[in-house]
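All remarks here apply to the structure that follows.
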């Protein structure tokens with residue numbers, strides 16, 4: 128069999144598994160998480176051995192140190208993952224809630240009820256703990272999942288995938304609710320299965336997310352660029368401006384919620400920009416500024432390309448702007464709609480910034496580094512959505528749900544409504560769906 | 128200028144207009160609707176004249192009678208449209224609501240606030256009243272909209288579009304919040320503007336929706352097939368089964384929520400199928416059945432193609448199934464996830480059907496014809512989504528919104544969280560965002 132027919136069969140089985148998972152009670156779905164935690168502990172030596180194999184292959188291939196450290200899955204990662212499973216299990220059931228209830232006409236009630244989406248394809252990077260996080264979020268929310276991890280983590284992922292499938296079947300649920308893809312050909316085939324797969328979540332580079340969008344009819348919730356801005360307003364507290372600029376830029380430079388551009392109001396620039404730049408330089412950050420920033424701090428000049436660049440490195444671009452309006456316009460034009468920050472003591476300016484900046488996260492006086500599913504209290508995240516459709520920002524359990532309308536009648540026909548025998552009442556019911 | 132550069136400029140202006148519309152207070156957005164109603168009344172003669180021109184051209188081209196009747200825009204349609212504007216204006220503001228509030232750590236509050244999506248492209252059929260419905264839903268929800276109507280309604284749409292733009296500017300809002308596209312080339316260009324346009328809503332055939340999905344990176348909320356099923360359960364009330372089958376199939380055969388396939392439990396078939404078929408035949412419906420249905424009613428045999436066909440005509444396919452499970456499986460396999468009905472007096476069977484059928488609308492004892500935004504109390508609809516992402520079923524104002532996370536702090540850094548100087552509290556706040 129080739130990748131196409133294999134994948135079609137996998138997707139078909141995932142869809143069958145979804146039909147069972149979607150009606151499994153919450154206790155059952157939580158049982159899977161508990162069993163998974165147990166299985167991971169039981170099979171710890173297998174996991175560590177497979178991971179040593181992956182790491183040693185990656186070292187031979189010369190994988191960069193930060194990537195190697197993300198690939199490693201040892202004692203500490205295992206405990207974190209198991210703690211995460213316990214925390215996820217304790218979260219309220221994300222499905223079954225009634226979010227709208229209306230009497231349409233006498234004896235006819237409409238309920239909108241939260242339900243799982245279906246079969247979700249997730250393509251993620253070389254971090255084996257991501258496999259457990261994503262699979263457990265999918266199972267907790269009643270979805271089936273096709274998982275494609277990084278090539279470097281193949282051996283580790285195989286053992287982890289076995290544990291997930293084992294936990295499903297030990298709980299009396301179909302193990303095909305979680306399946307592993309191992310090749311690029313399978314990913315390409317997955318993109319064609321738009322009648323069996325409901326959503327694709329690619330985690331990766333901008334170019335990769337665009338490739339997925341260009342090659343599939345399946346809806347894509349993409350996590351593309353994170354080009355985050357720090358705007359230091361005219362009314363910023365100078366000490367806070369230094370602290371938040373440094374934390375947003377340098378607390379971890381290689382992540383999507385790190386700041387890439389600093390904007391500063393011209394009335395604040397002379398007093399506040401030099402100490403900010405000094406503090407950033409002390410952390411090893413290279414500064415690239417517009418003419419005014421260069422004049423004030425002696426930094427290197429930025430080019431037009433700098434305003435659109437996600438460095439993911441110890442570099443920041445700096446621009447002096449004439450107004451809050453100019454800052455908002457710069458962000459809406461050059462930003463990636465991820466997370467943007469205003470530092471100000473002026474509430475009206477903060478309010479204007481938070482309303483007008485068209486991003487998933489709009490922050491007042493707090494580091495951009497807080498854009499994260501765990502930080503937001505979602506337990507974990509399947510990704511950070513930079514689009515605006517369905518889910519925005521860190522996507523936890525809620526992002527993996529949709530709804531259906533349940534309409535419960537007693538024989539009403541449209542002919543009766545059109546003839547006026549019955550009339551629309553449209554009365555809010557404020558009640559949960561009885562079935 | 129060519130269509131591509133024209134359209135790019137239009138989309139850019141729509142995006143600028145969105146930034147103003149998105150922060151306009153609800154009174155202002157409702158003012159536009161009131162002024163629009165006034166302008167439509169003022170310019171009634173222009174509208175009727177333009178429409179007479181469209182209708183007479185369409186008659187010359189031999190447009191079918193039902194399409195001609197949908198194209199006509201006279202006194203009655205005008206009053207309906209103006210009543211619709213008043214009703215929409217009275218609906219609660221769909222934006223600004225806080226849907227989640229959490230204290231992340233001391234002095235740091237997270238709010239999820241509903242906001243408009245941005246620039247929305249809608250491609251709709253030759254029904255001029257649809258232009259006003261879609262534009263008014265977009266304006267009420269703070270979005271900008273690019274509208275492409277049917278070619279046959281071009282003259283009418285131009286006058287109606289003028290009225291919408293006039294109402295926007297008379298209310299002090301940018302008229303480019305609503306713009307008309309007039310050619311297929313402009314539609315093709317629109318699909319390329321994925322950095323300026325946030326959502327495309329195509330209303331049309333399955334093939335057309337697929338064309339859009341295949342040619343754009345912009346998220347598509349498509350309204351494709353409506354292949355709706357009526358399942359007559361073993362425990363159906365026989366009279367209700369006849370009434371609901373007839374209403375679902377024949378109350379209006381040419382719409383997406385009309386039934387196309389009837390499934391009946393084998394234990395009910397002998398007694399209930401003959402009277403159902405007789406009643407359908409009396410309404411002029413052609414019956415195509417499986418072997419058992421043919422045996423019981425003498426109808427013509429169905430082919431495999433029939434189970435996947437949306438007739439939109441006086442034809443229905445009929446199948447006798449051995450169980451509720453078989454009915455659910457048939458629907459999930461052949462259906463289009465639009466609206467499916469069970470007729471039964473047995474609550475457990477209804478509950479199972481409503482849980483397991485993977486459709487936007489799952490109905491118990493009520494005609495499939497109720498799947499409609501007006502019927503659901505949404506005022507009107509921009510379309511009926513058959514996908515599962517973002518919105519499902521009739522899409523009213525809520526489907527035109529997204530959310531942003533507003534994070535309000537007092538100087539918190541990630542370094543403090545990581546070092547343990549501060550700890551996560553994740554305490555629900557149950558309060559609205561103060562800005």
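Residue numbers (the numbering used here), protein chains in the order written: chain A, 128 to 562; chain B, 128 to 562. Virtual Cβ for every residue (Gly too), placed ideally from N, Cα, C.
query, result
"Stretch-stretch touch, CB-based, cutoff 8 Å, three pairs: the region 541 to 556 of chain A with the region 243 to 259 of chain A", "no"
"Proximity of residue 389 of chain B and residue 445 of chain B at Cβ, strictly below 9 Å", "yes"
"Whole runs of the alpha helix (DSSP H) within the region 429 to 461 of chain B, excluding any shorter than 4 residues", "451 to 461"
"Cα-Cα separation, residue 323 of chain B to residue 142 of chain B", "6 Å"
"For residue 298 of chain B, the three-state DSSP class (helix, strand or coil)", "coil"
"Spatial distance of residue 191 of chain A from residue 198 of chain A (CA atoms)", "11 Å"
"Cβ contact check for the region 206 to 221 of chain B and the region 328 to 340 of chain B: 3 or more pairs under 8 Å", "no"
"Spatial distance of residue 496 of chain A from residue 338 of chain A (CA atoms)", "28 Å"
"Residue 519 of chain B and residue 487 of chain B closer than 9 Å at C-beta", "yes"
"At least three beta-carbon pairs within less than 8 Å, the region 461 to 479 of chain A to the region 381 to 395 of chain A", "yes"
"Which residues DSSP lists as bridging residue 427 of chain B, in chain order", "B:415"
"Cβ pair residue 346 of chain A, residue 393 of chain A closer than 9 Å", "no"
"Assigned secondary structure, residue 552 of chain A (DSSP; H/G/I helix, E/B strand, else coil)", "coil"
"C-beta contact flag for residue 246 of chain B and residue 181 of chain B at 9 Å", "no"
"Nearest-angstrom Cα separation, counted from residue 443 of chain A out to residue 413 of chain A", "6 Å"
"Cβ neighbours of residue 304 of chain A in the same chain (closer than 6 Å, five flanking residues each side left out)", "144, 148, 271, 295"
"Backbone CA spacing between residue 188 of chain A and residue 179 of chain A [nearest angstrom]", "14 Å"
"Closer than 9 Å to chain A by CB, residue 567 of chain B", "The first residue shown for chain B is 128 and the last is 562, placing residue 567 of chain B beyond what the model contains."
"Assumed close pair residue 507 of chain A, residue 523 of chain A - CB separation to whole angstroms, cut-off 8 Å", "7 Å"
"Contact list for residue 357 of chain A against chain B, beta-carbon separation under 9 Å", "Here the premise fails: no neighbours, minimum Cβ distance about 12 Å."
"Collapsed DSSP secondary structure at residue 135 of chain A in the structure displayed", "helix"
"Best match in A:405, A:363, A:428 for proximity to residue 416 of chain A [C-alpha to C-alpha]", "A:428"
"Residue 341 of chain A burial status per 10 Å Cβ neighbour count (16 or more: buried)", "exposed"
"Residue 471 of chain B burial status per 10 Å Cβ neighbour count (16 or more: buried)", "buried"
"Residues in the region 276 to 298 of chain B having any Cβ partner in chain A nearer than 8 Å", "none"
"Opposing strand residues paired with residue 495 of chain A [DSSP bridges]", "Beta-bridge pairing links residue 495 of chain A to no other residue."
"As assigned by DSSP and simplified to three states, the class of residue 388 of chain B", "strand"
"Backbone CA spacing between residue 220 of chain A and residue 177 of chain A [nearest angstrom]", "34 Å"
"Contact check, residue 213 of chain A vs residue 164 of chain A, beta carbons under 9 Å", "yes"
"Between the CA atoms of residue 217 of chain B and residue 556 of chain A - distance to the nearest angstrom", "19 Å"
"Bounding residues of the beta strand (DSSP E) (the contiguous stretch that carries residue 211 of chain B)", "Not the beta strand (DSSP E): residue 211 of chain B falls in the alpha helix (DSSP H), residues 202 to 217."
"Assigned secondary structure, residue 378 of chain B (DSSP; H/G/I helix, E/B strand, else coil)", "coil"
"Cβ-Cβ distance between residue 516 of chain B and residue 529 of chain A below 9 Å", "yes"
"Inter-residue spacing [alpha-carbon to alpha-carbon] between residue 485 of chain A and residue 132 of chain A", "42 Å"
"Assigned exposure category for residue 475 of chain A - 16 Cβ within 10 Å defines buried", "exposed"
"Neighbouring residues, chain B, relative to residue 514 of chain A (Cβ below 7 Å)", "346"
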